[in-house]
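So the structure is just underneath, and the comments pick up after that.
Protein chains in written order, with the working numbering: chain V, 5 to 679; chain A, 613 to 734.
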């Protein structure tokens with residue numbers, strides 16, 4: 005994921021990755037030039053020179069650059085490229101010595117540049133004077149080699165390819181297309197690979213279009229792969245044709261529909277594309293003819309892009325400025341009439357939800373219809389299935405790696421059990437507590453098969469089960485623990501039932517220990533570890549998390565404010581259930597029923613855990629994994645105790661306390677037949 | 613799944629009265645070596661359903677002349693304790709299933725883990 009602002013990159017020509025500053029040696033040597041040169045070179049030097057020429061020609065050929073044997077006004081300057089660390093300014097200074105420079109093209113990351121002089125004579129003069137010239141750039145010296153070229157290859161595709169591609173698009177309208185274009189009233193559009201739906205701005209992933217992408221695109225896509233712009237071939241293509249005066253409104257390509265990056269090839273004419281950041285910043289980018297636009301990271305996910313419907317564009321005057329971002333130098337601008345531009349936008353269909361770092365504009369992460377607190381048993385089960393069970397299965401190994409430090413009070417409870425006691429850990433997770441007291445016969449159960457697997461791999465006894473219906477005989481346990489479990493039940497009835505189940509398992513005189521997340525994270529002026537980690541700023545990544553989640557929360561609040569008017573309408577019909585908000589990690593809980601984000605980290609080192617409790621674990625690499633939401637009902641002071649006293653019979657509360665952001669209760673079973 | 617766990621497990625299918633013990637149908641059984649702790653084993657024995665343990669051992673073909681009823685003074689019988697240690701803690705069912713004796717419902721055991729989850733309608 006890009007951390008810094010990523011502006012879209014423009015590629016002047018196709019290229020190999022020579023970013024390490026590989027230099028091209030040699031140049032074309034006209035035999036007629038030999039005499040003027042021979043004074044300066046020995047026989048050996050001439051031999052070396054010729055070998056270098058051959059090598060450079062091969063290299064240039066790979067680049068699609070064929071050198072000319074006769075003088076022209078266009079020259080390729082090997083080693084004079086941005087990829088060699090040579091700046092435009094320093095190169096231009098040298099080139100001007102040869103004559104009047106008409107244009108200079110410095111393709112990004114390339115080990116060469118193209119210069120066009122005002123005349124063939126000037127080109128020849130430059131060649132004679134400058135070939136072999138050493139250029140001092142910063143702390144290094146490069147040798148510039150000049151070769152004549154027939155024309156400057158300014159484009160990711162050659163003019164021949166451009167023609168081929170334009171001809172490949174079959175504009176014969178099909179009925180569906182005609183309707184769409186009529187509705188659009190603007191540009192002509194054609195899709196390949198998958199149907200794009202304009203009603204919801206998304207792809208119909210179940211309706212692949214026959215034929216795939218046109219074969220004419222294969223070569224340029226392979227080039228994109230080879231150049232490292234993409235790692236997988238795109239499977240969707242949208243062709244847009246803009247007449248002068250037509251444009252496309254600013255938009256972000258739907259996150260859930262397409263992966264990253266998105267490529268756009270401009271054919272037929274240049275245009276100006278406007279990029280806008282949510283904070284108001286705006287950047288105008290000239291897209292020259294035959295250029296490839298690569299939108300990656302922020303530029304794909306966060307900035308909107310659009311083309312204002314215009315007949316003329318304001319562009320820089322001199323070609324010397326070339327393509328790229330437009331500067332604010334107003335003296336250097338002119339109007340240029342737009343030609344007909346055809347864009348080929350290549351995208352890869354996304355099949356898993358988007359997990360970008362910009363949740364505020366992400367349709368995958370922004371819940372379009374956030375869940376409400378359930379009432380009916382069926383709704384509760386479904387909510388818990390989606391926001392508890394499925395999540396723990398998906399995050400199990402990362403989760404397990406962050407759960408290794410037993411909480412001291414729980415440890416004390418376990419160590420206080422007489423040897424030979426039977427202990428059941430209901431909701432045992434990764435088995436953290438199963439080995440604490442080796443004198444005790446411990447068995448654990450959890451809803452997550454993946455987590456239970458981890459327990460068994462560690463040598464503990466565990467099985468997969470629901471906490472509301474545990475397949476152990478009544479009265480078979482001397483002790484039970486339920487640590488950070490009951491807060492995952494989404495109704496009061498179910499939470500109560502969970503406590504009753506624990507009590508059922510106990511023999512008379514047996515004890516249970518229950519821990520649930522407290523709404524009050526600060527107690528006795530002591531911030532819980534969970535909150536503390538939010539304010540220390542110990543990890544930069546966490547504050548980024550906070551930021552993105554705050555945005556999401558604010559987005560949620562905004563969304564809710566808009567929704568509140570809707571709620572009023574339904575109130576007459578039935579009681580509207582409160583919405584379950586997405587919580588911002590490491591901040592105080594604002595309501596009792598929440599979805600708490602879990603940022604899945606890949607390649608987690610199981611040995612490096614982060615403290616106890618509900619932390620998200622350390623950063624191992626900068627690439628963000630998907631965000632998962634777990635449902636919690638956080639308990640208010642006294643709520644758990646009341647549930648145990650009043651909701652359950654046959655128990656007495658031994659202790660009730662607050663521990664590190666949890667409400668805790670220790671129970672003793674006083675008599676059997678608790679319902 | 614070790615037989616210690618099996619001794620505790622029961623069928624919780626709705627309406628079932630006689631769901632214990634669950635019938636073991638094993639397709640893969642492993643015997644591990646675990647450090648013997650005589651004191652630990654003798655403390656465990658009173659907590660067990662002895663007849664269920666004998667049945668389970670039989671299903672796994674691991675009866676190994678274990679008595680059908682508990683012998684008196686077993687605490688001091690190391691040979692006996694070692695046999696109990698082995699059957700309870702060293703024999704492990706890796707693949708197979710547990711069947712409810714009343715309803716016939718089968719709960720799978722996979723990679724040593726029994727899955728006792730019931731469907732919504734059960």
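Cβ coordinates follow ideal geometry from the N, Cα and C atoms, glycine included.
Quantities reported herein were computed from a predicted structural model and do not represent experimental measurements.
Item                                                                                                                                                                                   : Value
State the DSSP-derived secondary structure class of residue 664 of chain V, mapped to helix, strand or coil.                                                                           : coil
Report yes if the C-beta distance between residue 440 of chain V and residue 670 of chain V is below 9 Å; otherwise report no.                                                         : no
Between the beta-carbon of residue 363 of chain V and the beta-carbon of residue 600 of chain V, is there less than 9 Å?                                                               : no
What residues from the stretch 474-486 of chain V come within 8 Å of chain A, judged by C-beta to C-beta, listed N to C?                                                               : 474, 475, 476, 477 and 480
What do you reckon, are the CB atoms on residue 414 of chain V and residue 485 of chain V nearer than 9 Å?                                                                             : yes
Are the CB atoms of residue 663 of chain A and residue 686 of chain A nearer to each other than 9 Å?                                                                                   : no
Below 8 Å, can you find three or more Cβ-Cβ pairs linking the stretch 227-241 of chain V to the stretch 337-346 of chain V?                                                            : no
Is there a Cβ of chain V sitting closer than 9 Å to that of residue 614 of chain A, yes or no?                                                                                         : yes
Would a check of beta-carbon distances place residue 443 of chain V closer than 9 Å to chain A?                                                                                        : yes
Hey, residue 290 of chain V and residue 319 of chain V: beta-carbon distance below 9 Å or not?                                                                                         : yes
Return the Cβ separation of residue 703 of chain A and residue 643 of chain A in integer angstroms, given the expectation that the two are a contact with Cβ distance under 8 Å.       : 6 Å
So which residues of chain V does residue 617 of chain A contact, with C-beta pairs closer than 7 Å?                                                                                   : 447, 465 and 467
Would you give the residue range spanned by the alpha helix (DSSP H) that residue 412 of chain V belongs to?                                                                           : 412-419
Is DSSP giving residue 78 of chain V helix, strand or coil here?                                                                                                                       : strand
Just by C-beta distance, which residues in the stretch 407-437 of chain V are closer than 7 Å to chain A?                                                                              : 423, 424 and 426
How long is the line joining the alpha carbons of residue 684 of chain A and residue 617 of chain A, rounded to whole angstroms?                                                       : 24 Å
Kindly say whether residue 680 of chain V, judged by its beta-carbon, lies nearer than 9 Å to any beta-carbon of chain A.                                                              : Residue 680 of chain V lies beyond the residue range present for chain V, which begins at 5 and ends at 679; the question has no answer from this structure.
Of all the beta strand (DSSP E) runs that stay within the bounds of the stretch 485-522 of chain V, which reach a length of 3 or more residues?                                        : 510-521
Among V:154, V:597, V:478 and V:95, which residue has its Cα nearest to the Cα of residue 73 of chain V?                                                                               : V:154
Alpha carbons only, please: which of A:672, A:693 and A:712 is nearest the one belonging to residue 682 of chain A?                                                                    : A:693
By DSSP, does residue 472 of chain V sit in helix, in strand, or in coil?                                                                                                              : coil
Please return the same chain residues whose Cβ sits closer than 6 Å to the Cβ of residue 532 of chain V, not counting the five positions on each side in sequence.                     : 525, 664 and 665
Determine which residues of the stretch 645-658 of chain V have a Cβ less than 8 Å from any Cβ of chain A, and write them out in chain order.                                          : none
Quick check on this structure: which residue in V:134, V:105 and V:242 has the alpha carbon closest to the alpha carbon of residue 352 of chain V?                                     : V:242
Just to confirm my understanding: we take residue 307 of chain V, look at its own chain, exclude 5 residues before and 5 after, and list those with CB closer than 7 Å. What are they? : 279, 280 and 281
What's the gap between the Cα of residue 676 of chain A and the Cα of residue 667 of chain A?                                                                                          : 12 Å
Look at the alpha carbon of residue 4 of chain V and the alpha carbon of residue 302 of chain V, and state the distance between them as a whole number of angstroms.                   : Since the first and last residues shown for chain V are 5 and 679, residue 4 of chain V lies out of range.
So is residue 663 of chain A in contact with chain V if we call contact Cβ pairs under 9 Å?                                                                                            : no
Quick one, which of V:655, V:660, V:667 and V:659 has its alpha-carbon nearest residue 676 of chain V's?                                                                               : V:655
Less than 9 Å between CB atoms is the rule here; does residue 730 of chain A satisfy it with respect to chain V?                                                                       : yes
Any C-beta of chain A sitting closer than 9 Å to the C-beta of residue 451 of chain V?                                                                                                 : yes
Can you tell me whether residue 264 of chain V is buried or exposed? The criterion is at least 16 other CB atoms within 10 Å of its CB, across all chains shown.                       : buried
Just checking: is the beta-carbon of residue 460 of chain V within a distance shorter than 9 Å of some beta-carbon in chain A?                                                         : yes
Can you list the residues of chain V that residue 727 of chain A reaches, using a CB-CB cut of under 9 Å?                                                                              : 453, 456, 467, 468 and 469
List, in chain order, every chain A residue whose beta-carbon is nearer than 8 Å to that of residue 385 of chain V.                                                                    : 732
Taking its Cβ as the centre, do 16 or more other Cβ atoms sit within 10 Å of residue 695 of chain V, making it buried, or is it exposed?                                               : Here chain V comprises residues numbered 5 to 679, so residue 695 of chain V is not present and cannot be evaluated.
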